[in-house]
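For the sequence shown, the residue numbers in our numbering are 83 to 473.
The beta carbon of each residue, even a glycine, is placed where N, CA and C say it ideally should be.
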Amino acid sequence: MFHITVHPGEFPLEAIDRFLTEHVDPLVEEGRIRWATFSEMADAFAAWEETHPGVDPRGVIREESPETGCRGYITFVVNVHDFVNVDESADTLLRLIGIFERYGVRGDFYLTGPQVYAYLEHRPDVIARLKDSGMTISYHVRPPHPAIPGFDRVLSGLSPDEVREVFRDYETYRLDLRTGRLLRDQPGGFTLLTQIFGHPPVVASVPSPKWRDAILPVYAELGARMTLLYHETGTDPAEPFQWVHGLLVRPSDFSITRWRAPGTQKELFWWNMISGPLGKFYDPLERLHEELSRWNYPRPPFITVLIHENNFYRKGYTPWLSIFYRDIKRRIPREPPYDLDAPDPSSPRSPEEREAIWRAYEALVAYAAENLCVVTSEDIVRMAEAAGGSG
């Protein structure tokens, strides 16, 4: 929060007008700042205090910038996609935003177009909260979007130029979840998020490698700045910033998401294990300490803490799995029209399970805020550009 004071005669009016036009107006249009009088500022702060009791408005004060002197750069990625259980999804996002604000950091929320519509129609308070909190907004897709393997019939047989045009439509108009077709009288996809939040989402990715080279340039044209080629690990220790089709590849040296513990045959997600008999091996904060102790490269690592919002309150399968797939392994897509009332194959977590996950997650955020540099994709892009990188 800041104010501008100008005394008569101090500046030529043209200079003030040029400053407002060239520097302030674009930020207002992007939704990054807004005009307010002193009384409006006071009212906004009073309202904030009422909704954030006990939270220090100064946040966490760091002696070092996110770009220097860090032991590690850690990003809290929240993949959001549960349009089946909208209220639980919405309440989870509100609680997450509260945790991030409590420790003076930001989360990176990945939203789909249909999920944004679900919130707009049933829980607009979540959209307002995301906007007011300044959390980073990114974008991803779920079935029946054609960038998902098995749902790309509409792209079959098309040239790369034709694929780009069709895909641009899917990122411009609303996707009908029942038919898989577009509702061309309503905005959707990447464009919807840009309109709702006032600026383009930072990250956008193409799950199907088959279409990646044709589609990523479209995202770059729409305003995305980062993409994914891998989710949890894969960054070159010597060259962390890689670019593809004008987009920075999201760096991740290791993640605090899933791992193998003694007595297990495969990597398991920590939130599914922390309340069970092997819970002591699946404390995410302990895992972070272990990974940091093993890091032997000269630069600080990029760390991804990835979770889906439904992981806090549901277990088993993804809530919408039965709508779009015939099998639990997601190998056999269904044909449209899709039954949006298909049974939810997941089951609710017990209150004890939920709180165990929340306690572990908040402990991770608290430690990171105090000992590491918490960054989002937005910060990482700036770091890469400052390092001389370019798409």
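In terms of residue numbering, what span does the alpha helix (DSSP H) encompassing residue i cover?
i    : result
D173 : V168 to R184
Y192 : It is not in any alpha helix (DSSP H) - Y192 instead sits in the beta strand (DSSP E) that spans D190 to L193.
V300 : R294 to L304
K213 : P206 to S215
P319 : No alpha helix (DSSP H) contains P319, which DSSP labels as neither H nor E.
E314 : Here E314 belongs to no alpha helix (DSSP H), and DSSP marks it neither H nor E.
R260 : Neither: R260 is in no alpha helix (DSSP H) and is coded neither H nor E.
H281 : That residue, H281, is in no alpha helix (DSSP H); it is neither H nor E in DSSP.
H371 : P366 to R376
Can you give the Cα-Cα distance for residue i and residue j, rounded to whole angstroms?
i    : j    : result
P225 : F233 : 7 Å
M372 : L310 : Strictly speaking, residue 372 in this sequence is Glu, with Met absent from that position. Each residue's Cα considered, the two are about 25 Å apart.
L482 : G151 : Examination of residue 482 is not possible in this model, given that the chain is present from 83 through 473 alone.
E146 : S220 : Any reading at E146 is ruled out, since the residue's pLDDT is 38, under 50, leaving its predicted position unreliable.
P343 : N392 : The amino acid occupying residue 343 in the given sequence is Ala; Pro does not appear at that position. Going from the Cα of A343 to the Cα of N392 covers about 24 Å.
S375 : A448 : 19 Å
G186 : L237 : 44 Å
V168 : Y379 : 43 Å
R235 : P228 : 7 Å
V457 : I389 : 16 Å
P242 : R256 : 22 Å
R441 : Y199 : 30 Å
A450 : R184 : 13 Å
R47  : T317 : The question about residue 47 has no answer here: the residues shown for the chain are numbered 83 through 473.
A445 : S215 : 21 Å
W325 : S290 : 18 Å
R294 : Y301 : 10 Å
P382 : R263 : 45 Å
L304 : E467 : 19 Å
K397 : D461 : 32 Å
By the DSSP assignment, the beta strand (DSSP E) with residue i in it spans what residues?
i    : result
N161 : Y155 to N161
Q268 : L264 to P269
I474 : Outside the displayed span of the chain (83 to 473) sits residue 474, for which this structure offers no information.
L329 : L329 to V331
Have a look at the DSSP bridge pairing and note the partners of residue i.
i    : result
F255 : As written in the sequence, residue 255 is Tyr, which differs from the Phe given in the question. BP columns for Y255 point to P269.
K348 : Beta-bridge pairing links K348 to no other residue.
V326 : L329
T309 : V331
R246 : Answer is none; R246 lacks a bridge partner.
F523 : Here the chain covers residues 83 to 473 and nothing more, so residue 523 does not appear.
Please report the Cβ distance between residue i and residue j, rounded to the nearest whole angstrom; I am assuming they are in contact, meaning their Cβ atoms lie under 8 Å.
i    : j    : result
R211 : I181 : 13 Å between Cβ atoms; not a contact.
T339 : E314 : 6 Å
Segments of 3+ residues assigned as beta strand (DSSP E) that fall wholly inside the region 382 to 459: 384 to 390
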